[in-house]
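Read the structure below first, then the notes.
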Amino acid sequence: TLLVKRGRAFHLSDKPVKSDSELYNEAKRSVRSKQKGVFFGTSAATYLSRSSSRSLSTTAAAVASSSSLLQSSSSSGKKSLRLASGERCAPHERLLVLGSGVAGCAAALTAARHGVPVTVLHAGSVKEDCNSYWAQGGVIYRNYRLKEKDGSEKLVDTPLSLVNDIRIASGYRGALQRNTPLEECHYDASLLLNDPTSSKMGQICSTAGVNWNEDAAWKLALEGPTRVRQLLLGPQDDGAGHTSTGCVVPFDRTTLPTAGPDDDNDGMGKESPEDNTVLSLCLEASHAAPRIIHHADCTGRAITESITRAAAAHPLIEFRGDSIATDLISDEHSDGMVIGAKVLDKNTNKIEAAYAVHGVVLASGGLGGIYEHSTNPGGFNALGSSVALALRLEERLNSSLPGESGITSDLEYVQFHPTSLCLPNEARFLLTEALRGEGAILRDASGRAFASDYHPSAELAPRDIVARAVFTESQKAAADGSDGHNAFLDMTHRDASWLRDRFPTIHSHLSSRDSPMDFTKEKIPVIPAAHYTCGGVTSDLSGRVHGSGGQVHRNLYVAGEAARTGLHGGNRLASTSLLEGLVFGSSVGELVAGVVSDDDAMEKREELIQTMEGARYAIERRLAVEEQSYTSDGDARPVDEKVGDEASALLARLKSVMWDGVGVVRTPSGLADASSELAAMKDEAEFIWDRAGGDWRAAAVRDAARSGLAVAEAASANDVSGGAHYVLHEEVRSEPVSDAALVGAAGGGFGSEDDEEEEALVAAVVL
């Protein structure tokens with residue numbers, strides 16, 4: 025049993041404690057109440073014992089409470105977290121999570137379940153206001169086997185198959201480095217890669233300009249089913265003997281076709297032995313098998329509502345809405361260790377410091393919202409805030425010039441979803457990949473199906489290929505001088521009643537317009553739109569942020585779309601985003617809580633404790649000389665509405681530049697022009713921020729300009745097409761060419777499975 029004092033650790037006993045009461049009495053005798061800052065009520069379950077023992081967390085909290093060791097925050101007037109004992113903990117004795125989506129909530133729930141107090145900041149007024157909420161398709165659940173009536177097993181899917189699908193979609197052209205036999209890839213494989221304190225980045229493979237992390241893909245495939253059970257399937261047995269303790273998401277279910285009530289179908293998701301239904305699995309583009317569970321066509325909403333409700337109910341988790349992190353706070357006396365963030369309150373226009381002994385998790389999503397056409401919601405979401413925060417931190421610490429920071433990677437790979445609703449004067453609306461998985465056909469204005477012109481898999485090809493196909497057909501209409509649209513999604517051949525039941529969100533959106541549309545009877549006009557950021561803040565497999573030279577930024581973590589683990593390479597496989605948030609968010613939570621199980625567990629825990637003790641010392645040193653959390657900005661700042669309007673106008677211009685110069689198809693000259701414009705916009709945004717008081721619109725365009733410039737510079741530095749980054753060099757179109765002549769042209773990185781297919785593929789683009 026290990027107890028922690030300021031700056032050092034001591035052992036009370038090397039022998040197992042027989043009971044909680046003995047531990048309680050021994051600890052109480054050994055710790056004096058005058059010693060402040062003792063580490064209790066945070067990660068007691070993992071720091072107080074080699075084994076995971078939930079009761080120790082309660083014991084530690086009781087010791088801390090009786091000894092008055094936890095600093096109360098009642099005098100500050102701020103809302104405080106409470107331990108299970110009811111005792112308040114100091115405001116800075118927490119983990120600070122920036123973002124309330126799936127990744128942020130997974131990190132918060134996992135850390136809190138191991139005793140770490142957590143504050144989750146979200147920019148919207150409600151905690152469900154995040155990109156995760158708008159995901160339609162589903163989440164990959166499991167690699168499974170079906171039991172036939174005669175008792176034989178049918179191998180339907182494996183982790184190896186999923187890893188290979190991720191590889192193909194990523195744009196990486198090489199072979200798998202780990203050719204694991206199928207029988208060793210059953211879904212019950214242990215969490216081989218879950219070593220939260222490892223600095224291992226994973227094996228980065230590179231071809232055609234695309235960097236792909238095979239180890240990240242294996243981590244997702246092997247850990248994914250367990251994380252889904254832990255966080256989404258509720259307390260019931262899922263059919264494979266696994267009992268979870270997470271929230272309950274109402275995933276769609278279907279009646280077992282081949283098994284009786286006594287067959288468990290190897291973990292297909294039966295609610296009970298008497299139940300004859302299983303989780304409904306659907307197929308999506310570029311998946312080799314049906315493996316996606318869903319709730320109609322609003323899976324993100326169902327998951328987000330459930331997981332935020334579970335997090336909000338946890339006594340160690342608090343949510344703070346209308347809160348925008350404007351800068352990370354680092355300690356200049358400890359190599360820039362992150363100790364919190366400056367936070368703007370949108371209601372009061374006040375900026376304060378939110379300190380966090382356990383560090384900061386960047387989980388605010390990607391940067392798709394900086395494009396004119398985007399499936400991401402409006403407001404502050406998806407403007408690249410995590411990328412901007414990380415870049416400003418690195419530039420401040422290292423005096424790096426823009427574009428030279430190693431704290432971000434692969435930002436040129438912005439995925440454009442092939443099908444968003446394209447109607448004049450209306451925001452883009454996502455038309456899920458599941459539509460094409462269920463048989464939707466892409467047609468031009470004449471009714472001709474065109475997807476097979478671009479890839480043998482037609483509508484089910486990787487997203488980057490389908491997006492360029494839709495973009496190309498749309499450009500043909502523009503080239504003809506026609507006012508009409510030339511790319512449509514057609515589902516009219518499917519049963520109307522089934523369509524409305526399967527895709528109620530889409531049906532509701534289309535039918536509620538001023539001029540209603542019926543997708544069961546008419547083709548829907550579509551256009552690609554910025555959807556997902558495949559790159560991001562550079563991270564290892566446990567979520568630790570790495571900066572220039574590979575150095576770890578202590579106490580700074582990242583998860584979800586904000587992170588670049590290398591999982592997606594140059595292009596993301598459909599329905600991996602929610603699972604990525606669950607898997608890597610949970611890893612961050614376990615890392616912060618010190619959950620390790622290898623031979624060096626105690627040593628690694630002590631290293632983590634030293635980091636937190638250093639953070640605690642730095643924070644308390646600051647608090648000792650500050651009258652309040654952040655005295656220089658602590659008062660409400662007057663908002664200049666005119667300057668705020670300038671910020672909104674600048675953001676609109678920026679989105680146009682990103683779409684035109686750094687969009688679906690790029691050229692070297694277009695990227696150069698965009699980079700120049702964005703550099704000027706970055707300076708203008710900083711000037712606006714300095715004058716705008718506490719206007720959140722100024723904070724928004726400041727982040728958007730910084731992240732947008734980083735994307736343009738990354739794209740300019742990579743002249744090799746691969747995945748979602750497609751560069752059309754000017755010399756390619758120096759002479760007129762026909763569509764037929766373009767077949768077989770070198771586009772690169774299309775995600776094809778073998779050389780013969782690659783030679784037959786092209787991203788045919790008419791400019």
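Residue 714 in this note's numbering sits at position 690 of the sequence shown; the count goes up by one each step and never skips. We put the beta carbon where it would ideally sit given N, CA and C, even for glycine.
By the neighbour-count definition (other C-beta atoms within 10 Å, threshold 16), residue 449 is an exposed residue.
Under DSSP, the beta-bridge partners assigned to residue 122 are 145 and 386.
Across the structure, residue 400 and residue 445 are spaced so that their CA atoms are roughly 13 Å apart.
Comparing alpha-carbon positions, the option among 124, 187, 306 and 543 lying closest to residue 348 turns out to be 124.
Looking at the DSSP output, residue 376 shares a beta bridge with 367.
For residue 361, the secondary structure class from DSSP, reduced to helix, strand or coil, is strand. Cβ contact annotation for residue 156 (same chain, cutoff 6 Å, sequence separation greater than five): 125, 126, 324 and 328, in chain order.
Counting C-beta atoms within 10 angstroms of its own C-beta, residue 357 has fewer than 16 neighbours from the protein chains shown and is therefore classed as exposed. Contact check for residue 562 and residue 700: beta-carbon distance about 26 Å, past the 8 Å limit, so the pair fails to qualify.
Residue burial annotation: residue 366 is buried, with at least 16 other C-beta atoms found within 10 angstroms of its C-beta.
In the DSSP assignment, residue 615 is bridged to no other residue.
A residue is called buried once 16 or more other Cβ atoms fall within 10 Å of its Cβ, and residue 201, having fewer, is exposed.
Only exposed fits residue 532, as fewer than 16 other CB atoms lie within 10 angstroms of its CB.
The alpha-carbon of residue 542 is positioned some 18 Å away from that of residue 451.
Counting C-beta pairs closer than 8 Å gives fewer than three between the segment 565 to 578 and the segment 737 to 749, which falls short of the contact rule. Remark: three or more beta-carbon pairs, one from each stretch, lie closer than 8 Å, so the segment 374 to 386 and the segment 350 to 364 are flagged as touching. The segment 485 to 504 makes contact with the segment 183 to 200: 3 or more CB pairs, one atom from each, lie closer than 8 Å. Remark: C-beta atoms of residue 311 and residue 161 do not approach each other more closely than 8 Å.
DSSP places residue 514 in the strand class (E or B) of the three-state scheme. Not a single unbroken stretch of the beta strand (DSSP E) spanning 3 or more residues falls wholly within the segment 669 to 700. The C-alpha of residue 668 lies about 8 Å from the C-alpha of residue 712. In the DSSP assignment, residue 560 falls outside any alpha helix (DSSP H) and within the unbroken beta strand (DSSP E) covering 560 to 562.
Residue 115 counts as buried, since no fewer than 16 other beta carbons sit within 10 angstroms of its beta carbon. For residue 152, DSSP assigns no beta-bridge partner whatsoever. DSSP, reduced to helix, strand and coil, places residue 333 within a helical segment of the structure shown. In the pairwise beta carbon analysis, the segment 634 to 653 is classified as not touching the segment 687 to 704: fewer than three pairs are separated by under 8 Å. By the neighbour-count definition (other C-beta atoms within 10 Å, threshold 16), residue 236 is a buried residue. CA-to-CA, the gap between residue 643 and residue 363 works out to about 7 Å. The three-state secondary structure of residue 274, taken from DSSP, is coil. For residue 431, the CB contacts under 8 Å within the same chain, skipping 5 residues up- and downstream, are 414, 415, 417, 418, 561, 562, 569, 570, 571, 572 and 577 in chain order. With a cutoff of 8 Å on beta-carbon distance, residue 695 and residue 739 are scored as near each other. Judged by DSSP in its simplified three-state form, residue 395 adopts coil rather than helix or strand. For the set 316, 119, 243 and 256, the Cα lying nearest the Cα of residue 591 is the one of 243. Counting other Cβ atoms within 10 Å of its Cβ, residue 371 stays below 16 and is therefore classed as exposed. By the Cβ-count criterion, residue 537 is exposed, with fewer than 16 other Cβ atoms from all chains shown falling within 10 Å of its own Cβ.
Counting the other Cβ atoms within 10 Å of the Cβ of residue 274 gives fewer than 16, which makes it exposed.
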